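J.:
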Amino acid sequence: MSSSRTTLAITGMHCSSCAALITRKLKKTPGVEDANVNFAAAKAHVRFDPQQTKEQDMIAAVASAGYGALIADERDRDADRRRRAEEIATYRWKFWTGLVLSLPMLAFMVMAFFPHNAMHQALLPYMGILSLLLATPVQFWLGYGFYRGMWSSLKMGTFTMDSLIAIGTSTAYAYSIYGFADHVLSEGTLLGEVHNLYFEVAALLITFVLLGKWLEARAKGSTSEAIQKLMGLQAKTARVLRNGETIDIPIEDVQVGDTVIVRPGEKIPVDGTILKGLSAVDESMLTGESIPVEKKEGDRIFGATMNKNGSFEFRAEKVGAETALAQIIRFVEDAQGSKAPIQAFADWVSSWFVPAVIGIALLTLATWIVLGATLTFALLAFVSVIVIACPCALGLATPTSIMVATGKGAELGILIRGGEPLEAAKKIDTIIFDKTGTLSKGKPEVTDVMSISEISSMEEVLRIAASLEQGSEHPLAESIVTYAQNKGVTLSVVEAFKAIPGHGVEGELGGKMYFLGNRKLMEKIAVSSLEAEEKLQALEEEGKTAMLLADEKHVLGIIAVADTLKETSKEAVDQLKWMGIEVYMITGDNKRTANALARITGIERVLAEVLPEDKAKEVEKLQADGKRVAMVGDGINDSPALAQADLGIAMGSGTDIAMETGGIILVKNDLRDVVTAITLSRKTVGKIRQNMFFALFYNIAGIPIAAGALSSLGLTLRPELAGLAMALSSVSVVTNSLLLKGFRPSRRNWLSDSAPVFMTVGFTALFLLFANISSATAGESTLFQRGPFPEISRPANDLSTPIARNNDGLAVITLETREVVAELAPGTTYEYWTYNGTVPGPFLRVREGESVEIRLTHPEDEDEDTQKHEVAGHEKHSIDLHAVTGPGGGAALTQVKDGETKIFRFKADRPGIYVYHCASPHVPTHIANGMYGLIVVEPAKKLQPVDHEFYVMQGELYTHGVLGRTGFQSFSKRKMLKEAPEYFVFNGRVGALRGSGALKANVGERIRLYVGVGGFVPSNFHVIGAVFDKVYPEGDLLSPPHRNIQTTTIPAGGAVVVEFTVDVPGTYLLVDHSLTRSIDKGALGEIIVEGPGNPQIFSAVNPDL
């Protein structure tokens, strides 16, 4: 039993990977011989064995893959439009719903730029829980289709675009859930400021993808406008005569054999033959000819053509899918559902691209983690790569161009069977024209009108001859009448008309008898034709049929009729030669006749006296010479040659489409359409290549940016913007294809031709814009570790002061404020705010009675901007020296912004050791982030000399992440307000005073420690293994010191000086004697003492000796 074919309308596809998945599923169905799923057309064309499988089995197979399918009803061609409209409406609704739910989260992100805004402050405690509530329906309700598609692809052992979107958004959503859960578990509340939430990433990503799908669906709907226009030509109802009554019925109910009545101005509903009546019919929708065609009894008429000024009845012969219009629509649909050979490349790339992208994304994640990036940054880079690389645009590159091109061709009267003929036409370098009916018109036309007698002019000869032929049904008669009508000749009424078989016609005009025919007719009426004989022979030698016009006494003139060259043939040949295409003519005529016609057309290569069955061999010979050959013929007599050629171009009439064997059908019989078809194909293939290039350009250019490989240049890409870029890539590819709709045969489409330039500039600008937005909105949460990091800790032995003393005794101290990202602990980074780039700031030492000038500069950072500083809360810095007596300890005079320097002076008249810190709003935040240090005003009577002086400051760090969490950790104001630090540190970081940073001395040396507390928690300072000989509590250097102190308490913002001698070698530990702060949270330092042992003071005893 022969195979059957069916077309299924597919729903639920998101990309070409979905189409490939359904194709695989259908091909695995028993009985299915071949399947081709077109993503752009949302159709599956299936060839199957009806004995093994049914259409319902195929629908079930598609459903098992997670998609919808139903049989495409050719009788209800409006169903496609309705499905497309429903798809557009669904995506529109989903996008607007997603946008409404996502906008508040976008507002939260924007508010972060204005942290002191009242609304931001009011909403801050609720942003986390609101984001969770808003993002969840977007993720699992609007994004359900992506999860379903991923599950379907996993069942088939593959990945699709749905997989990428589901993985990317789920990663961002799950990471945000983890951050929110961490906040709830640590804080015991759903409210409050929550960091490391990226709910807006997942929500906006899905929303932007839905936007892309909406725009893409609208654009794809535009690509099928040609079919919609053709379908719109159909009449909706028909007026039929049944049982003697005239009734109006839907066009679908018209049956073969029905008598249909058509009135003036109505569309003809179906194809048939006129039974009664006379009219003119506009058949331009089929033939492209604007002049109405006269129709009478026995003439064929075609559905969707327009009746003009008469009424008639006709018998319905072809209805439904059998009408000429239905065949053309099916022709265009099949073409739009076909694949060009170049599509194989796109399919191949798509098949490995998605798995490769997932691999690249995982590699990106692993690489950044290994390189020390924050987990946040690595995960966001992973999501961005997953999203930016969706190959949707690649899958749309070819089918959208083919859909637009075939639709545009149909508008121009050029029916293209699909992608293969389009691509073949691009490569053609040789064209063979059949002569009869191709270069020539294929029907007799008047070529010459001559006056023989002085009695009649040429116009009179034509008028009389055409008037006589009005009553004849002979083809030559029709050509004479048509010629006269086209010339605007007014015909007369003929009486006593008579057709004389084999001779001609006779009739009476104005009371006088006239005769039109051959020599035999002249002999019969006894009129001599000798005076016209020479002209007759000359015309006949040219292959023309000459007829004599005579009255009862004389020959009046000659009318010659021949199959003439089409007016457009020479123009078409000239244009083809200009395009670099070799032109041949092939004919069965003798060489003299063929060469004569070839000379007129400008064809230099003639294949004459070729029998129809040998034309294919001539094509084959040219192909053997390496030529890409197109054959242009009538589509019936030239079928073998059309089939042999690389491209068959059939000259159709618009009503015999199904009979044609060519890859391209020229409905209008205009040879210029050959030029148009080849030009359109070249433009289309060029557009396909542009689309493929830019689709790959998007991916290739976008992946390294999304992966953060160019982050050192400031180019990063947030996932939601990556999703928007991906969506816009698909839209841009479809839009680029739609530019083919502006194709005109005689005019250059500048917009389409310049599209590659605009797309290149636009894509580059788009990525730069998105990169700038990503960089501007990254904030602390996406900073990543770029090691090696600067050393944040000031060495304990660095007691140097940035001071210069003038001749007038003025001591000038120069300080700078700097924001520095550095390691807080191994694998953990933090952004510190500092004086001169370290924590603590420089050790300031001045003398009692000295005049001191403080110069504080807030350097302008070329890589930052004031808005970013304001967002972070450090747009201003200052210094408050507790040694200064005056408003704010100097802070009132030193509030410096970017690029500013401020100076003030004070008198150092109070000896002691004091803390200094920043006092700009919010003051505790500045201090907690590291802006503190010590200033010593040395008394006139100096302290006794010691062997070593060391500078130690204890502080706290309030990180959002819990103790020990690696990656970049942002500042937690909430924890600071609760005075619940995650870390206690000496000199800025964990381990700063251990190992290479340890304090060093030798046995017997005396040590002086200047110790301060920069933060808010008092310290119980102790050196394990030592007793402080002297303690100058609370920075008092004038009072007698306390003696033999084990542990000294240092208040918040206070300082102390301790002195002791190290008597034995070993490692002494600096601790806060609230020991969890030291052992568990980082406030631990070392003094490494070298030298000989001192057993009299400290030694080991072995009990076994």
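Basically our numbering = 1-based index in the sequence shown + 1.
No residue lacks a Cβ here, since even glycine has one placed at the ideal position from N, Cα and C.
Bear in mind that the values here come from a model prediction, so they are computed numbers and not experimental data.
1) Contact check, Ile880 vs Ala892 under 8 Å by CB: the rounded distance?
2) Rounded to whole angstroms, what's the CA-CA distance from Lys44 to Pro51? Just pull it up for me.
3) Cα separation between His1074 and Gln1047?
4) Give the secondary structure of Glu298 by DSSP, where H, G and I count as helix, E and B as strand, and everything else as coil.
5) Name the residue from Ala485, Val762 and Ser473 whose alpha carbon lies nearest to the alpha carbon of Leu463.
6) On the DSSP letters alone, give me the boundaries of the beta strand (DSSP E) that Gly69 sits inside.
7) Have a look at His46 and Ala73 and give me their C-alpha separation to the nearest angstrom.
8) Does the pairing of the region 1008-1022 with the region 1055-1063 give three or more beta-carbon distances under 8 Å?
9) For Gly934, which three-state DSSP category applies?
10) On a CA-only basis, which of Val822, Ala21, Ser177 and Ile130 is nearest Trp353? Give me that one, please.
11) Near Ile1025, which residues of its chain fall below 7 Å by C-beta distance, leaving aside the five closest residues on each side in sequence?
12) Quick one, are the C-beta atoms of Pro982 and Leu944 less than 7 Å apart?
13) State the start and end residues of the unbroken alpha helix (DSSP H) segment that holds Gln955.
14) Name the residue from Leu882, Glu470, Cys919 and Gln955 whose alpha carbon lies nearest to the alpha carbon of Glu507.
15) Going by alpha carbons, who is nearest to Lys554 out of Met548, Val528 and Leu537?
16) Per DSSP, what kind of secondary structure is Gly1107 in: helix, strand or coil?
17) What is the residue span of the beta strand (DSSP E) that Met14 lies within?
18) For a test of the three-state rule: what should DSSP assign to Pro502, helix, strand or coil?
19) Taking the straight line between their C-alpha atoms, what separation do you get for Thr1077 and Leu191?
20) Within 10 angstroms of its Cβ, does Gly299 collect 16 or more other Cβ (buried), or is it exposed?
21) Just confirm the distance between the C-beta atoms of Ser402 and Ile666, as a whole number of angstroms; I'd bet it's less than 8 Å.
22) At the level of alpha carbons, what is the spacing between Leu857 and Tyr933?
23) Quick check on the DSSP output: what are the complete beta strand (DSSP E) runs of length 3 or more inside the region 1041-1086, in order along the chain?
24) Identify which residue in Gln955, Ala941 and Glu572 has its Cα closest to the Cα of Asp671.
25) Mind checking who Asn1003 pairs with in its DSSP beta bridge?
26) Taking one C-beta from the region 164-182 and one from the region 199-210 each time, how about it: are there three or more such pairs within less than 8 Å?
27) Taking Thr377 as part of the alpha helix (DSSP H), name the residues at either end of that continuous run.
28) Nearest-angstrom Cα distance between Val388 and Arg84?
29) I need the straight-line Cα distance from Pro827 to Lys976, nearest angstrom please.
30) So the candidates are Ser794, Ala533 and Gly180; which of them puts its Cα closest to the Cα of Glu824?
31) Given that a residue counts as buried once 16 or more other Cβ atoms are within 10 Å of its Cβ, and exposed if not, what is Ile914?
32) Given 8 Å as the limit, is there contact between the region 264-282 and the region 316-328, that is, 3 or more CB pairs closer than that?
33) Going by DSSP, what residue range makes up the alpha helix (DSSP H) through Ala1?
34) Please list, in chain order, all residues of the same chain as Ala167 whose beta carbon is under 7 Å from its beta carbon, the five residues on each side excluded.
35) Out of Thr365, Gly512 and Asp552, point me to the one whose CA is closest to Glu524's CA.
36) Between Asn737 and the rest of its own chain, which residues show a CB-CB distance below 7 Å, the 5 nearest in sequence each way excluded?
T.: According to the structure shown:
1) Locating residue 880 in the sequence shown gives position 879, where the first residue counts as 1. Locating residue 892 in the sequence shown gives position 891, where the first residue counts as 1. About 6 Å separates the beta carbons of Ile880 and Ala892, which is inside the 8 Å limit, making them a contact pair.
2) On the sequence shown, residue 44 is found 43 positions in, with the first residue counted as 1. On the sequence shown, residue 51 is found 50 positions in, with the first residue counted as 1. Their Cα atoms are separated by approximately 20 Å.
3) As a working mapping, residue 1074 is identified with position 1073 in the sequence shown. As a working mapping, residue 1047 is identified with position 1046 in the sequence shown. So the two alpha carbons sit approximately 10 Å from each other.
4) For the purposes of this step, residue 298 is taken as the residue at position 297 of the sequence shown. Residue state, collapsed to three classes: coil.
5) Counting from 1 along the sequence shown, the entry for residue 463 is found at position 462. Comparing Cα-Cα distances from Leu463 to each of Ala485, Val762 and Ser473, the minimum goes to Ala485.
6) Residue mapping note: residue 69 aligns to position 68 of the sequence shown, counting from 1. Where Gly69 is concerned, the enclosing beta strand (DSSP E) stretches over Gly69 to Ile72.
7) For this step, residue 46 is matched to residue 45 along the sequence shown. For this step, residue 73 is matched to residue 72 along the sequence shown. For His46 and Ala73, the distance between alpha carbons rounds to 10 Å.
8) yes
9) The residue you call residue 934 lines up with position 933 of the sequence shown. In this structure, Gly934 counts as strand in the three-state DSSP scheme.
10) Reading the sequence shown from its first residue, position 352 is the one you call residue 353. Per the Cα distances, Ala21.
11) One-based indexing of the sequence shown puts residue 1025 at position 1024. Around Ile1025: Tyr1069, Leu1070 and Val1072.
12) Residue mapping note: residue 982 aligns to position 981 of the sequence shown, counting from 1. Residue mapping note: residue 944 aligns to position 943 of the sequence shown, counting from 1. Contact: no.
13) Here residue 955 is taken as the residue at index 954 of the sequence shown, counted from 1. Gln955 -> not in any alpha helix (DSSP H); beta strand (DSSP E) instead, spanning His949 to Leu958.
14) Here the question's residue 507 lines up with position 506 in the sequence shown. Answer by Cα proximity: Glu470.
15) To locate residue 554, count along the sequence shown from 1; it is residue 553. Cα-wise, what sits closest to Lys554 is Val528.
16) The question about residue 1107 has no answer here: the residues shown for the chain are numbered 2 through 1106.
17) The residue labelled residue 14 in the question sits at position 13 within the sequence shown. First-last for Met14: undefined, no H or E at that position.
18) The residue you call residue 502 lines up with position 501 of the sequence shown. Pro502: coil per DSSP, three-state reduction.
19) Your numbering for residue 1077 matches position 1076 in the sequence shown. Your numbering for residue 191 matches position 190 in the sequence shown. For Thr1077 and Leu191, the distance between alpha carbons rounds to 29 Å.
20) Residue numbering aside, residue 299 sits at position 298 when the sequence shown is read from its first letter. Counting the other Cβ atoms within 10 Å of the Cβ of Gly299 gives fewer than 16, which makes it exposed.
21) Position 401 of the sequence shown, counting from 1, holds the residue named residue 402. Position 665 of the sequence shown, counting from 1, holds the residue named residue 666. 20 Å between Cβ atoms; not a contact.
22) Walking along the sequence shown from the start, residue 857 turns up at place 856. Walking along the sequence shown from the start, residue 933 turns up at place 932. Taking the straight line from one Cα to the other gives about 14 Å.
23) 1043-1046, 1048-1051, 1056-1062 and 1067-1073
24) Looking up residue 671 in the sequence shown gives position 670. If we check each option's Cα against that of Asp671, Glu572 comes out closest.
25) The residue you call residue 1003 lines up with position 1002 of the sequence shown. Paired residues: Glu1091.
26) yes
27) Numbered from 1 along the sequence shown, position 376 holds the residue referred to as residue 377. From DSSP, the alpha helix (DSSP H) with Thr377 extends over Leu376 to Ile389.
28) Numbered from its first residue, the sequence shown carries residue 388 at position 387. Numbered from its first residue, the sequence shown carries residue 84 at position 83. Spanning the two alpha carbons is a distance of roughly 28 Å.
29) For the purposes of this step, residue 827 is identified with residue 826 of the sequence shown, where counting begins at 1. For the purposes of this step, residue 976 is identified with residue 975 of the sequence shown, where counting begins at 1. Looking at the two C-alpha atoms, the distance is approximately 22 Å.
30) Indexing the sequence shown from 1 puts residue 824 at position 823. Ranking the options by Cα distance to Glu824, first place goes to Ser794.
31) Looking up residue 914 in the sequence shown gives position 913. Buried, because 16 or more other Cβ atoms sit within 10 Å of the Cβ of Ile914.
32) yes
33) Outside the displayed range of the chain (2 to 1106) lies residue 1, so it cannot be described from this structure.
34) Here residue 167 refers to the residue found at position 166 when the sequence shown is read from its first residue. Result list for Ala167: Phe147, Tyr148 and Met151, in chain order.
35) Stepping through the sequence shown from its first residue, residue 524 is reached at position 523. Measuring from the Cα of Glu524, the nearest candidate turns out to be Asp552.
36) What you label residue 737 is simply residue 736 of the sequence shown in a count that begins at 1. Excluding residues within five positions, the ones whose Cβ falls inside 7 Å are Lys688, Gln691, Asn692, Ala756 and Met760.
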